[in-house]
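If you're matching positions, the sequence shown starts at 2 in the numbering used here and goes up one per residue.
Below you'll find the structure, written out as C-alpha cells, and then a few comments.
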Amino acid sequence: MSEPSISVLIVDDHEVVALGLQALLDDEPDIDVIATAGSVTDALAAARRHAPQVVLVDYRLPDGTGAEFTRRLHEQQPGARVVMITAAADRRVLGQALDAGCCGFVSKNADREDLAAAVRAAAANDSYFTRDVLKHLVHLRRFEQVDGGELSDREVEVLQLTAEGLSPEAIAEQIFLSAHTVKNHLRHAMAKLDSHTKLDAVVKAIRGRIISID
Numbered sequence: 002m003s004e005p006s007i008s009v010l011i012v013d014d015h016e017v018v019a020l021g022l023q024a025l026l027d028d029e030p031d032i033d034v035i036a037t038a039g040s041v042t043d044a045l046a047a048a049r050r051h052a053p054q055v056v057l058v059d060y061r062l063p064d065g066t067g068a069e070f071t072r073r074l075h076e077q078q079p080g081a082r083v084v085m086i087t088a089a090a091d092r093r094v095l096g097q098a099l100d101a102g103c104c105g106f107v108s109k110n111a112d113r114e115d116l117a118a119a120v121r122a123a124a125a126n127d128s129y130f131t132r133d134v135l136k137h138l139v140h141l142r143r144f145e146q147v148d149g150g151e152l153s154d155r156e157v158e159v160l161q162l163t164a165e166g167l168s169p170e171a172i173a174e175q176i177f178l179s180a181h182t183v184k185n186h187l188r189h190a191m192a193k194l195d196s197h198t199k200l201d202a203v204v205k206a207i208r209g210r211i212i213s214i215d
C-alpha cells in the first residue's frame, strides 16, 4: 500500500505564479496541491478548511507578509510547516521568516527538483535552504558563534555536506554510510552545538568557522 501524499497549500497573490508552482508539483506522485490562495485572509481560511501538511507562501501578499501569515497560522495550527517563497535572499525577510517559524526557503525560480525537495523536507519536520540563503543567514545576530571543538571529524563532514545542500541520503551515498548513521551524526552535532534544527546547527558551524560555504 502506497504512502499518503503530502498535502500542500500554495499562497501567492499572482495566479500565474501559483499555477506555475502547482504545475511543477503536480508531476510529483507523493505531493498533492490541495488548494491555492492569494492573501493572508484567504490562506488562513484555506488552511482551516484543508489542514495542509506544508504551506508554500510568498513573502509579499496584499494584506500582509508571509511572515505574518506564518505567525498567525501557527497560532491556528501549531503543527503546520511553512516554506517561504522568495524572489531574492534578503536578510530582513529571512530573519522575519525564521522568527515567525518558517522551516525553509525556496526561490520563485526554483526548478521542480528543488521545489519538491523543499516540500518533502518540510513534511519530514526538516528544514530546507540553499547556499545563497546560508550566506545571508550567517550575518543574522540571532545565530550564536560557537566552538566546535567537541565535534568529531565525521560530524564536521556531515555538517559540511549538509551546508552544500545534500540530503542525508545523498550524504550517505557519498561517504559510504547508511542514511540512519548520517542522521545520527547530524543529531549528535546538533546536540553539541545546542541547536534544535539542522539549519541552526549549520549556520552556527559556519559562524564558528567549523565549516565553510565559500
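Every residue, glycine too, gets a C-beta built ideally from N, C-alpha and C.
Within the segment 64-112, the runs of beta strand (DSSP E) that reach at least 3 residues and sit entirely inside it are, in chain order, 82-87 and 105-108.
Within the same chain, Cβ atoms closer than 6 Å to the Cβ of PHE106 are found at MET85, THR87, PHE130 and VAL134, the five residues on either side in sequence being excluded. Here HIS181 is exposed: its Cβ has fewer than 16 other Cβ atoms, across all protein chains shown, within 10 Å. When the Cα atoms are used, ALA173 and VAL157 turn out to be separated by approximately 14 Å. Check the Cα spacing between GLU4 and each of ALA123, ASP33 and ARG93: the tightest is with ASP33. Leaving aside the five residues that flank GLY65 on each side, the residues in its chain whose CB is nearer than 6 Å to its CB run, in chain order, VAL41. At the C-beta level, LEU10 and ALA68 stay beyond 8 Å of one another. In the three-state reduction of the DSSP assignment, ALA122 falls in the helix class, which pools H, G and I. For ASP59, the secondary structure class from DSSP, reduced to helix, strand or coil, is strand. Nearest Cα to THR37 within the set ALA52, ALA124, ILE211 and ASP31: ALA52. For GLY39, the closest of THR163, ASP59 and LEU200 by C-alpha to C-alpha distance is ASP59. By the C-beta density criterion, VAL56 is buried, having at least 16 other C-beta atoms within 10 angstroms. Boundaries of the beta strand (DSSP E) harbouring VAL34: 32-38, taken from the DSSP string. Straight-line measurement puts the Cα of LEU95 at about 28 Å from the Cα of ARG50.
In this structure, VAL83 lies away from ALA44, with their beta-carbon atoms at least 8 Å apart.
ILE214: not part of any alpha helix (DSSP H); DSSP gives it neither H nor E.
In the three-state reduction of the DSSP assignment, VAL183 falls in the helix class, which pools H, G and I. A residue is called buried once 16 or more other Cβ atoms fall within 10 Å of its Cβ, and GLN77, having fewer, is exposed.
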